[in-house]
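Protein chains in written order, with this note's numbering: chain A, -1 to 219; chain B, -1 to 219; chain C, -1 to 219; chain D, -1 to 219. C-beta: ideal position from N, C-alpha, C; glycine also. Keep in mind the model is a prediction, meaning the values are calculated, not measured. Okay, so here's the structure we're looking at.
Protein chains: 4
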Amino acid sequence: MSQQQPVEQWIQQLVSLDDTNRKMTEKQLKIIQAAVEIFAEKGFAGSSTSEIAQRAGVAEGTIFRHYKTKKDLLLSIIEPMTREFIAPFILNEFKEVLEKEYSNLEDFLYALAVNRLEFIHEHFKVIKILLQEIPFHPELKEEFKKQIGIKIYHRFSEIFEYFKNKGEVIDLPIPVLIRFLISSFIGLFATHFVLLPEQAWDKEKEIRNTIQLVLHGIALK
Amino acid sequence: MSQQQPVEQWIQQLVSLDDTNRKMTEKQLKIIQAAVEIFAEKGFAGSSTSEIAQRAGVAEGTIFRHYKTKKDLLLSIIEPMTREFIAPFILNEFKEVLEKEYSNLEDFLYALAVNRLEFIHEHFKVIKILLQEIPFHPELKEEFKKQIGIKIYHRFSEIFEYFKNKGEVIDLPIPVLIRFLISSFIGLFATHFVLLPEQAWDKEKEIRNTIQLVLHGIALK
Amino acid sequence: MSQQQPVEQWIQQLVSLDDTNRKMTEKQLKIIQAAVEIFAEKGFAGSSTSEIAQRAGVAEGTIFRHYKTKKDLLLSIIEPMTREFIAPFILNEFKEVLEKEYSNLEDFLYALAVNRLEFIHEHFKVIKILLQEIPFHPELKEEFKKQIGIKIYHRFSEIFEYFKNKGEVIDLPIPVLIRFLISSFIGLFATHFVLLPEQAWDKEKEIRNTIQLVLHGIALK
Amino acid sequence: MSQQQPVEQWIQQLVSLDDTNRKMTEKQLKIIQAAVEIFAEKGFAGSSTSEIAQRAGVAEGTIFRHYKTKKDLLLSIIEPMTREFIAPFILNEFKEVLEKEYSNLEDFLYALAVNRLEFIHEHFKVIKILLQEIPFHPELKEEFKKQIGIKIYHRFSEIFEYFKNKGEVIDLPIPVLIRFLISSFIGLFATHFVLLPEQAWDKEKEIRNTIQLVLHGIALK
DNA sequence: GATGAATGAGGGTTCATTCAT
DNA sequence: CATGAATGAACCCTCATTCAT
């Protein structure tokens, strides 16, 4: 609740367009903001549209003028974020990351971590919502696997293949390596976003530490 | 959904006692079983007591004869599991694990992993419920931090301290090491329990791989 | 609104059983009574469950404990009446009517008219509901055609066939005769139940008149 | 659904004028058309202005620019039709009918039937709406009685009086005769418009049959 | 004149919980 | 101890209607 920016920031980017490319009303924006806050806090099933309307300063009917159902509202929050999240992996953007990427594994991982950390920071609440709801909405799970899972997996496959060929990475199955890498970063992010959200931390150092561990493990020699 | 045992197994251990130490009736047991299934599937807020009653083959009123509120029912499911989960860490049990524990780091980690994997397998649905509900129930989160977090942290602290002193472990802050270790295992478990629940896997080999990575990282040389 | 008995009368016959053959609660009976009144007055779509609950002196939720939906409530009112209406036609009851029936056409028609008039009088509101709702519920229309239409048609076919063979009835197609007969009676009933509900009338004489007209028409000579 | 013309036809006659005698816009016409379709199909209470707007290809607000309330829209549909229906009875038009009318009863009835059949055919949907809504709008019922009932009653009174005096019609009370006549024709029309709308029929013959029955009844000799 | 966003009352329905039996 | 009828608040959603543009 403390270290995240208000959701306004990234929503602003979407302000002018909703998924049908028509202009968003000011009220519609307020609805989305309120919904993000409340879904994140109480979960989808635990939130009521009347509370969302109230927090948004809007009549309850107004919500349903823009979103046919409560679930539509949920999806309209999650989907653009998902698309944006995977965009860099697909589009060979990661621009800052990928241009120099194949040069040095450690630097690549650092840039990657910083980049994704920023994304998570920016979209924290929506990501929280996504992860909270995935267990209860099979379509979300499927979508997630297809979008995030497969696309990211492919990208990382290339990368590890490359470094394996250069002899810089151990010869274990690619999925094992990917899982290990991602787990370590998720562990880092989860610690500071979820478990200890209040506590200040030295991001650079913690990321460097994690990369060291991913690269060389905890064993001395 | 495929590799987990029915919850009956571990519930049987609790059959004879509820939290007031009185015998559980057969109906009460049926209620708990039904609640576990349905909470796991639909989440607490998404489940209805009437559906639970129906699945349990019990009248709606019967649930409230045993549990004052729906939330009481939730807690009565989660709490005993939590206690059992941390028990080995506190009690110096881990019996198979801890007797020989300070001898060899790798073997210790292996025994630990196998042991906890079994626990997760056994209690899968209840753990699922716990993790799903933590974001929405601050008391659960607090309880979790205090019980699981602190106690496990202490135990691992001792262990890493020991191996650090023996010069077998790198000199990074203990919390960093703990997080790295746990993340790696959670990543392993999550992959096979949540992401690919259908897929068969060679547990021994995957655990060994993960330990190798934790110990020596992915970098060659 | 004036000449009909309260619906209680015929509902009483159904009191002890609902369609699952379980006993009806007192409240359930009140709900049906209220629903009949209100549906008849305002139509199905124009009635609100909250008003029904209020008139029945019952909480709104109580309605939905007994009838899954508002429409279920409608059907539970219409169906038993429909069954009862056609019963005499099928079962060779019409007892008072059919025993002596094939003796004399005029007497038969008179007995029939009196008998059905009584039925309509008794079930007036429910019949009103049925007729009002048929245009908006295709299943009702289908059901009506199948139940009422076909069965009554068959019965009348036999009768007219019989009298045609006896040379007492003109040789026009049976459906034409049936339609003519039924229209005349419906016209009679509709006039006194619907158009002029307040006005007293000499039932016997009016029925006799109608039968005279059906038999011999309006032309002199 | 099959034998009726689109409502456009008769609405065209009203195009140039609404009830304040101002020109109807094209949108207004579309609204009326859509409303007729939807009211006929779902009933007044079961229709929503938003659906009407949609089907008319008009904004929701536009409806209320022309008709203060939903009910106004209903009345604006029913009233002109009612006026037109009774017009011939009042105005001594019935032109084709009445010029030669007092000559021969059978021919008169035939011409009358054909004429009104045509009218019903043309205005089927609006008549359907009127009949469906009468039970729920006392003013409509009153209006109907006054307009249709009384006026038609008077006209028929004259006619029957005339033929009674000529000794061609039985000496029963006029209302009884009128009711009998109208019932028989309504029965005929209802059969083919409502009960068996799909089925082809030989109008001329069926009308002739009905008239035969009205004149001479079903009894042989 | 036409729009469509906004309203807020009310719609049908579900729900956790109570209590007489 | 168990039942299930009853509750009434709250739920999601629809509606006729208004009004600034």
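Query                                                                                                                         : Result
Per-residue burial, I176(B) [other beta carbons within 10 Å of its own, 16 or more giving buried]                             : buried
Of the residues F42(D), I76(D), K203(D), I50(D), the one placed nearest A32(D), counting alpha carbons only                   : I50(D)
Three-pair Cβ contact test at 8 Å for the region 27 to 47 of chain C versus the region 22 to 29 of chain B                    : no
The region 181 to 190 of chain D touching the region 123 to 139 of chain C, judged by at least three CB pairs closer than 8 Å : no
Contact with chain A by G215(B), beta-carbon distance below 7 Å                                                               : yes
Neighbour flag for T80(A) against chain B, beta carbons, 7 Å                                                                  : no
Coil, strand or helix - A217(B) by DSSP                                                                                       : strand
Reference G165(B); option with closest CA among I84(A), I216(A), G59(A)                                                       : I216(A)
Inter-residue spacing [alpha-carbon to alpha-carbon] between K203(D) and R63(A)                                               : 56 Å
Sequence-distant residues of its chain with Cβ nearer than 8 Å to S182(D) (five each side left out)                           : T208, L211, V212
Test: V212(A) CB closer than 7 Å to a CB of chain B                                                                           : yes
Beta-bridge pairing of V167(C) - partner residues as DSSP gives them                                                          : A217(D)
E166(C) at chain D interface by Cβ criterion, 7 Å                                                                             : yes
Straight-line gap, Q2(A) to T47(A) (C-alpha atoms, nearest Å)                                                                 : Low confidence applies to Q2(A): its pLDDT is 44, below 50, so where it sits in the model is not reliable enough to give any reading.
Closer than 7 Å to chain A by CB, I205(B)                                                                                     : no
Min CB distance R53(B) to chain A below 7 Å                                                                                   : no
Interface flag, F134(C) vs chain D, CB-CB below 7 Å                                                                           : yes
Sequence-distant residues of the same chain with beta carbon closer than 7 Å to L179(C), five excluded per side               : V212
From P195(B), P173(B), L186(B), D169(B), residue whose alpha carbon lies closest to that of L218(A)                           : D169(B)
Under the three-state DSSP convention, the category V34(D) falls into                                                         : helix
S45(B) - DSSP class collapsed to helix/strand/coil                                                                            : coil
Residue closest to I118(D), alpha-carbon to alpha-carbon, out of E131(D), P133(D), F83(D)                                     : F83(D)
Own chain, CB closer than 7 Å to Y263(B), minus 5 neighbours either side, in chain order                                      : Nothing can be reported for residue 263(B): it is not among the residues displayed for chain B, which extend from -1 to 219.
Where N207(A) sits in the DSSP three-state scheme                                                                             : helix
Selection of the region 33 to 53 of chain D by Cβ proximity to chain C, strictly under 7 Å                                    : K40, G41, A43, G44
Beta carbon proximity, D200(C) to chain D, threshold 7 Å                                                                      : no
Helix, strand or coil at Y108(C) according to DSSP, with G and I counted as helix                                             : helix
Per-residue DSSP class, three states only, for N102(A)                                                                        : coil
F106(C) beta carbon less than 7 Å from that of G44(D)                                                                         : no
Residues in the region 174 to 192 of chain D having any Cβ partner in chain C nearer than 9 Å                                 : V174, L175, R177, F178, L179, I180, S181, S182, F183, I184, G185, L186, A188, T189, V192
Test: E91(A) CB closer than 7 Å to a CB of chain B                                                                            : Low local confidence applies: a pLDDT of 48 at E91(A) is under 50, so the model's placement there is unreliable, and no value is given.
Below-7 Å beta-carbon distance, Q26(C) vs any chain D residue                                                                 : no
Contact under 7 Å by Cβ, L128(A) with I76(A)                                                                                  : yes
Interface partners of L170(C) on chain D, CB under 9 Å                                                                        : N207, Q210, L211, I216
Rounded straight-line distance, which links the Cα of E196(C) to that of K162(D)                                              : 29 Å
Between the CA atoms of L115(A) and S155(B) - distance to the nearest angstrom                                                : 27 Å
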